[in-house]
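J.: For the sequence shown, my numbering begins at 21 and goes up steadily by one. C-beta atoms are modelled at their ideal positions from N, C-alpha and C, and glycine is treated no differently. Predicted model, so just to flag it, every value in this text is computed and none were measured.
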Amino acid sequence: MSTFHDIGARVWRGQRQGASARLPLLLVILLLLFMPSGERQQQGKLVSKPTSKKFAASVDTVCILVKHKSMPIPANVYATWRTARPGATALREDAPPPERLLQAVWQHQRVLREALTLADGRSVRVLHPGFLNREPGPDFRDALVQFGNEAPQRGDVEVDLAASGWRAHKHDVNPHFRAVVLHVVWEGTSASGLPTLALKSRLDAPLGELAEWFGGDGATRSGELAGKCCGPLHALPRAELDAILQQAALIRLQLKAAHIAARARQVGWDCALWEGLFTALGYKHNVWPMRRLAELAGTTTEPLCLEAWQARLTGWSGLLPAELPRSQGADAEYLRRLWDTWWRERERFDEVILPRAAWRMSGLRPANQPLRRLALAAHWLASGDLLARLERWFTRDVTTATLARSLLELLQPDADAFWSWHWTLKSPRLKKAQPLLGDARLTDLAVNVILPWLWARTAAGRNETLRTRAETRYLTWPAGEDNATLRLARERLFAGAPPRGLFLHAAAQQGLLQVVRDFCEHSNALCEHCPFPELVRAASH
């Protein structure tokens, strides 16, 4: 298909640059007629023949689906733009990475988590990598790490390329660094007297792949003014704007899939999915303790009933109340049953129980309380066939109108005797039962975990038909919940007034987030040194 792709790109350039670059229309029509039917789509559905005015194909072919009359832009135009972004230069595997990339590796734990060893030989388990610090002091605050068989330690983490950076940067005499419990470096032995972890041989993917995933240094941005790309984006024909966002969204899908595939190489496809599901249930500050519980659940081989899973997950979390309630109601009885189950195996799991300090409870909406999320995960685990049902859902035909509902029916468990009526273990009984999974979290699970996992598996198996199906479902998924990042992006790129109907699908939101990652995060509020505005301007002429 590379020849077809090149010809399509040349035809598009001919429309933009003049007749000298055009190819005969008959040749293009012939190429379309001989294009495999499995790679042709219309409005997200596979069709047997191309239409005369608009068509679409997967990311590997010539076009992205557009809904308006316009010459489609090349399918790789956004990928080409990404090579022009700051920090997009290739990394040599034998050279140290930029320090900001190393910080990103630590923040997202793109490491072999089961094989981390300190310079002194002790093992280290990261229960929480900490929160990225933009103020003076260590790179990460409030991390939670466990060295060998010691109790977990809470403190800060400093990231340097070399172990010698600790003294060279005068961290040893800086009071802001007194709470550092771990020095993370690219290579070298301890030079600080602190536990030191070298990451050079502990990455979960090659440096080049990691650089592509993180997209650069993640500089702080400010959104007080509209960005310089605002004008060019408004001048861009709607069809091309749709196509650019879809291309950016597909790149985001592939990057998420690459992350999952890298993890699957270490723990297998099933465990990689469980880690993704639990992480998505963690919601912001609690993603790392949730991921740790997924790692533990992934090592469980014996079948457990629903209440046994709820007891084990609650026990592992460290959030099971130490004292039983004195009341005698049905709600108190549920907590007693959890304890009756947990106390029998507590000693067996004593070394893996998370400290309560690993969790952040302040500011959480009731539906995002960790124990309620764990109750949902327990339903999935107890069913014993969630992964098989996901695969069946993926391989059967589902209309666009019923796409989200069909997955919700699969993931939404039957009413839970306790958790459908409570937000927490101690909260009063609700007047009306509440579902354990809502639409907003469903979309997050679909576009960030389930569809990328399915895409990664089909790509690994070289099943082009199913890979295209994953892309189609991703591109047609309904829009998700709005958030601060999306609002800021719309303000920066569209002056707060994007074209009507632009963000009806989650893919458009995901594409916008990818533009922010690829370009906005590498510039400042004045868009200095950002190539994106000029790239958009050139595309509109």
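#1: Assuming the contact rule is C-beta atoms closer than 8 Å, residue 475 and residue 342 should be a hit. Round their C-beta distance to whole Å, please.
#2: Give every residue of the same chain whose Cβ lies closer than 6 Å to the Cβ of residue 314, excluding the five residues on either side of it in the sequence, and list them in chain order.
#3: So for residue 64, helix, strand or coil by DSSP?
#4: Check whether the Cβ of residue 362 lies closer than 7 Å to any heavy atom of the ligand GTP, and answer yes or no.
#5: Do you know offhand how far residue 83's Cα is from residue 456's?
#6: On the three-pair Cβ rule with 8 Å, is the segment 431-443 touching the segment 260-274?
#7: Measure the C-alpha to C-alpha separation of residue 337 and residue 96 and round it to an integer number of angstroms.
#8: If residue 139 sits next to residue 209, beta carbons under 8 Å apart, how far is it from one beta carbon to the other, in whole angstroms?
#9: Report back the beta-carbon spacing between residue 301 and residue 397 to the nearest angstrom; my notes put them in contact at under 8 Å.
#10: When you compare only the Cα positions, how much space is there between residue 446 and residue 312?
#11: Under three-state DSSP, which class holds residue 543?
#12: Any chance you could list the alpha helix (DSSP H) runs of at least 4 consecutive residues sitting entirely within the segment 333-377, in chain order?
#13: From the DSSP secondary-structure annotation, give me the bridge partner or partners of residue 177.
#14: Under three-state DSSP, which class holds residue 528?
#15: Nearest-angstrom Cα distance between residue 307 and residue 128?
#16: Apply the 10 Å Cβ neighbour rule to residue 466 and answer buried if 16 or more other Cβ atoms are within range, or exposed otherwise.
#17: Is the Cβ-Cβ distance between residue 148 and residue 178 less than 8 Å?
#18: Buried or exposed for residue 334, going by 16 or more other Cβ atoms inside 10 Å?
#19: Do you know offhand how far residue 152's Cα is from residue 158's?
#20: When the Cβ atoms of the segment 494-511 are set against those of the segment 522-536, are three or more pairs found closer than 8 Å?
#21: Hey, residue 217 and residue 136: beta-carbon distance below 8 Å or not?
#22: Assign residue 553 to one of three DSSP states: helix, strand, or coil.
#23: What number of angstroms, rounded off, separates the C-alpha of residue 508 from the C-alpha of residue 345?
T.: On the basis of the data shown:
#1: With 8 Å as the limit, residue 475 and residue 342 do not qualify as a contact, their Cβ atoms being about 44 Å apart.
#2: Only 294, 295, 298 meet the Cβ criterion.
#3: Confidence at residue 64 is low in this model, with a pLDDT of 35, below 50, so its placement is unreliable and the value that follows should be read with caution. In the structure shown, residue 64 sits in coil (DSSP, three-state: anything other than H, G, I, E or B).
#4: The ligand GTP is not part of this structure, which contains no ligands at all.
#5: In this prediction, residue 83 scores a pLDDT of 38, lower than 50, which makes its location untrustworthy; the coordinate-derived value is nonetheless stated afterwards. Each residue's alpha carbon lies about 39 Å from the other.
#6: The answer is no - the segment 260-274 does not touch the segment 431-443, with fewer than three Cβ pairs under 8 Å.
#7: Between residue 337 and residue 96, the C-alpha separation is close to 45 Å.
#8: A Cβ-Cβ separation of about 5 Å places residue 139 in contact with residue 209 under the 8 Å criterion.
#9: Right, the Cβ-Cβ distance comes to about 6 Å (below 8 Å), so this counts as a contact.
#10: Inter-residue distance for residue 446 and residue 312 is about 24 Å (C-alpha atoms, whole angstroms).
#11: DSSP places residue 543 in coil when its eight states are reduced to three.
#12: Runs of the alpha helix (DSSP H) inside the segment 333-377: 350-365.
#13: Beta-bridge pairing links residue 177 to 160, 202.
#14: Residue 528 falls in the helix class under three-state DSSP.
#15: Spanning the two alpha carbons is a distance of roughly 10 Å.
#16: Buried.
#17: Residue 148 is not a Cβ neighbour of residue 178, given a cutoff of 8 Å.
#18: Here residue 334 is buried, its C-beta having at least 16 other C-beta atoms within 10 Å.
#19: A straight line joining the alpha-carbon of residue 152 with that of residue 158 spans about 9 Å.
#20: Segments in contact, yes.
#21: Going by C-beta atoms, residue 217 is nearer than 8 Å to residue 136.
#22: Three-state result, residue 553: helix.
#23: Cα to Cα, the separation comes out at about 46 Å.
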